[in-house]
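Student: Count the sequence shown with the working numbering and you get residues 10 to 320, in order. Glycine included, every Cβ here is placed at the ideal spot set by N, Cα and C. These figures come from a predicted structure and were not determined experimentally. Supplied in structure tokens, the structure appears directly below.
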Amino acid sequence: MKQESENTLIHLWNDVAFKWIFGREKESRPLIKLLNAVVSHDGLGPGFSEIEIKNPYDVTQPLSKQKQGILDIRAKDKNSGIWVDLEMEASAFTFYPNRSLYYLAGMYRDQLPKGKDNYYKLRPCFGIHLLMSDIFFGDKCNDWFHHFGMLNHKTHKQLNNHFELYYIELDKFQKLVSENTINWGELEQWSDYIAKPQDPYKSLPGYLETNEEIKEVHLMLQTFTRDDRLQEQYRLEEEWLRVQRTEEYARQQLQQDYFYALKMKEQAEKEKEKEILLRKKAEQRRYEAFNALKEKDQEIIRLKQMLKSKK
10 MKQESENTLI HLWNDVAFKW IFGREKESRP LIKLLNAVVS HDGLGPGFSE
60 IEIKNPYDVT QPLSKQKQGI LDIRAKDKNS GIWVDLEMEA SAFTFYPNRS
110 LYYLAGMYRD QLPKGKDNYY KLRPCFGIHL LMSDIFFGDK CNDWFHHFGM
160 LNHKTHKQLN NHFELYYIEL DKFQKLVSEN TINWGELEQW SDYIAKPQDP
210 YKSLPGYLET NEEIKEVHLM LQTFTRDDRL QEQYRLEEEW LRVQRTEEYA
260 RQQLQQDYFY ALKMKEQAEK EKEKEILLRK KAEQRRYEAF NALKEKDQEI
310 IRLKQMLKSK K
């Protein structure tokens, strides 16, 4: 058994820790507060009040390392009927938006039994994705919070609120924190807490002390560190994450090498095209100069003939 004196850092982006904290229905207050912090961040989402978790965490069933298409946490609000898929990803990938939309569509489809067309019974589905790595890049993608819905392209009028996707890029968030450009609110508190390794035996920083549910999670982590079965599952998940990070790093390096080689090839082709163009221009100038000299020679001959005729 672990002792309180040990310095135990917990990564909440580890699936075992994340699902144990947020995936138990009897301890649903932190989950509800986190969901509400996300959907209310831009003032557009309804609130969650009483959650039924459809795939609660079971310590007797170790997580599949391949995940096999299983959502991290699928839940339904008992009052509004809204469905939600909450995902924590330590390492997102190129087609992650496609996968998140696929999961959202599946959650929407699964509400109706096959052969039934009671479309009026369909309830909104929210996909909330906490990402330790970025998926949106470019000068116009500096925001760490992204909310997508079904809108008219011209008027931006919402079709309905049945498909809502939220992406929280925690790496970008931490960079903005380091630059001291964050306006702190409830989602910012959760993002900061989840993005950093946590030692449950150390006090929370002052700017998180006002969040009662984060304080509750911090205490829950002490229980987590004392459970040998949980710690073994956590350790195995950490090993798997290390392998995943190594493979992802290797993939990124190969991708960078490929794009670098492609860029060098394109530059070489452009230089070759430029050289061919310069050669053609030089040949054209030589041809024009030759014709100009030829015309001058002919003009000289013509003038000589004119002088002879005058004599």
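By alpha-carbon positions, which one of Y129, E98, W193 and G90 ends up nearest to F135?
Tutor: G90
Student: Give me the Cα-Cα distance between L113 and K279, rounded to the nearest whole angstrom.
Tutor: 45 Å
Student: Count the CB pairs spanning the segment 24-33 and the segment 62-71 that are closer than 8 Å, and state whether there are at least three.
Tutor: yes
Student: Whole angstroms are fine: how far does the CA of T17 sit from the CA of D208?
Tutor: 5 Å
Student: Within the continuous beta strand (DSSP E) that includes I310, where are the two ends?
Tutor: Not the beta strand (DSSP E): I310 falls in the alpha helix (DSSP H), residues D237 to K319.
Student: Just to confirm, is the Cβ distance from I203 to L179 under 9 Å?
Tutor: yes
Student: Identify every residue that forms a DSSP beta bridge with D86.
Tutor: According to DSSP, which records beta bridges pairwise, D86 is partnered with I60.
Student: Return the CA-CA distance between H156 and L174, expressed in angstroms with no decimal places.
Tutor: 6 Å
Student: Measure the beta-carbon distance from A171 to Y117 and round it to whole angstroms, keeping in mind my assumption that it falls under 8 Å.
Tutor: Sequence check: residue 171 is His here, not Ala. That belief holds up - the Cβ atoms of H171 and Y117 are roughly 7 Å apart, short of 8 Å.
Student: Per DSSP, which one or two residues make a beta bridge with G136?
Tutor: Under DSSP, the beta-bridge partners assigned to G136 are D94 and L174.
Student: Would Q198 and A101 be called neighbours here (beta carbons separated by less than 9 Å)?
Tutor: no
Student: CB-CB under 6 Å to G78, same chain, minus the five flanking residues each way: which ones, in chain order?
Tutor: Legend: pLDDT at G78 = 43, less than 50; position of this residue unreliable, no value from coordinates given.
Student: Could you name the residues of the same chain whose beta carbon sits closer than 6 Å to that of K317, not counting the 5 residues immediately before and after it, in chain order?
Tutor: none
Student: Can you tell me which of E225, K305, V252 and L140 puts its alpha carbon nearest to the alpha carbon of I41?
Tutor: E225
Student: Counting only the same chain and skipping the five closest in sequence on each side, list residues whose C-beta sits under 6 Å from that of E188.
Tutor: Nothing meets the Cβ criterion.
Student: Excluding the 5 residues preceding and the 5 following L328 in the sequence, name in chain order all residues of the same chain whose CB lies nearer than 8 Å to its CB.
Tutor: No answer is possible for residue 328: the residues shown for the chain start at 10 and end at 320.
Student: Does the Cβ of T234 have 16 or more other Cβ atoms within 10 Å, making it buried, or fewer, making it exposed?
Tutor: buried
Student: Considering Cα atoms alone, identify which of H20, H138, M229 and Q262 is closest to R33.
Tutor: M229
Student: Following the continuous alpha helix (DSSP H) through M116, name the residue where it begins and the one where it ends.
Tutor: Y105 to R118
Student: For S37 versus I19, is the C-beta distance shorter than 9 Å?
Tutor: Against a cut-off of 9 Å, the Cβ pair of I19 and S37 comes out as no contact.
Student: Using the beta-carbon count (16 or more within 10 Å), is Y267 buried or exposed?
Tutor: exposed
Student: With DSSP as the reference, please indicate the residues paired to L160 in a beta bridge.
Tutor: DSSP output for L160 lists Q167 as bridge partner(s).
Student: Whole angstroms are fine: how far does the CA of A99 sit from the CA of L287?
Tutor: 52 Å
Student: Which whole-angstrom value describes the C-beta separation of I137 and L44, a residue pair presumed to lie in contact below a C-beta threshold of 8 Å?
Tutor: 7 Å
Student: Would you report the Cα separation of E308 and Q276, rounded to the nearest angstrom?
Tutor: For E308 and Q276, the distance between alpha carbons rounds to 47 Å.
Student: If you reduce the DSSP assignment to three classes, tell me which class I19 lands in.
Tutor: strand
Student: Is L217 closer than 9 Å to D201 when the C-beta atoms are compared?
Tutor: yes
Student: Determine the contact status of L140 and Y111, defining contact as a CB-CB distance below 9 Å.
Tutor: For the 9 Å CB-CB criterion, L140 and Y111 do not form a contact.
Student: Which of the three DSSP states, helix, strand or coil, is assigned to K76?
Tutor: Low per-residue confidence applies at K76: pLDDT is 48, beneath 50, and the placement is therefore not dependable enough to give any value.
Student: Rounded to a whole number of angstroms, what is the C-alpha to C-alpha distance between F146 and M273?
Tutor: 23 Å
Student: Which residue from V93, G52 and L168 puts its Cα closest to that of E59?
Tutor: The candidate whose alpha carbon is nearest that of E59 is V93.
Student: Alpha carbons only, please: which of L239, Q242 and E195 is nearest the one belonging to T219?
Tutor: E195
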